[in-house]
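*Asks:* Just dropping this structure here.
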Amino acid sequence: MATKETVLNKIQILITNKFETPEEAFAFFDVDSDGKLKKAEIVQLLKEAEISGFIRGLVGSKLIEGYDKSGDELIDWQEFKSAVDEISLT
Ligand SMILES: [Ca+2]
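Okay, so the sequence shown: first residue is 11 according to our numbering, each after it adds one.
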């Protein structure tokens with residue numbers, strides 16, 4: 011089972027390797043450009059971050075649970091940024 015640290019570390023590697031900025035990563039994965047990442051978009055991000063397909067759905071749910079402060083079950087830019095800020099502190 012991947013720990014939260016492992017997952018966040020892989021997301022950090024993805025953002026660092028493939029994107030210039032977290033903003034660019036967010037825009038890339040916000041496929042429908044509504045300014046929020048829905049679960050399907052987060053799962054795609056996790057796929058790119060090489061999170062195992064067996065746990066991607068669960069990890070996506072956990073990330074939403076942990077970072078969706080507004081309770082709409084979506085990750086908006088502010089929520090994504092707070093996750094990224096947390097990653098860069100670790
Ligand atoms: Ca979206």
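Virtual Cβ for every residue (Gly too), placed ideally from N, Cα, C.
For clarity, every value in this text was computed on a predicted model and none was experimentally measured.
Looking at the structure shown, is Ile-61 part of a helix, part of a strand, or coil, going by DSSP?
*Replies:* coil
*Asks:* Do you know offhand how far Gly-67's Cα is from Val-53's?
*Replies:* 6 Å
*Asks:* Tell me which residues share the same chain as Tyr-77 and place their Cβ nearer than 7 Å to its Cβ, disregarding the 5 neighbours each side in the sequence.
*Replies:* Ile-85, Glu-89, Ser-92 and Ala-93
*Asks:* Nearest CA to the CA of Asp-40: which residue from Val-17, Gly-63, Leu-55 and Gly-81?
*Replies:* Leu-55
*Asks:* Could you give the uninterrupted runs of the beta strand (DSSP E) lying entirely in the region 31–92, keeping only those of 3 residues or more?
*Replies:* none
*Asks:* I'd like to check one pair, Ile-23 with Ala-35: are the Cβ atoms closer than 7 Å?
*Replies:* No, Cβ-Cβ distance for Ala-35 and Ile-23 is not below 7 Å.
*Asks:* Evaluate Lys-28 with the Cβ neighbour count: other Cβ atoms within 10 Å of its Cβ, from every protein chain shown; 16 or more gives buried, anything less gives exposed.
*Replies:* exposed
*Asks:* With distance defined between alpha-carbon atoms, name the residue in Phe-38, Lys-48, Glu-60 and Ala-50 nearest to Asn-19.
*Replies:* Glu-60
*Asks:* Note the first and the last residue of the continuous alpha helix (DSSP H) segment covering Thr-13.
*Replies:* That residue, Thr-13, is in no alpha helix (DSSP H); it is neither H nor E in DSSP.
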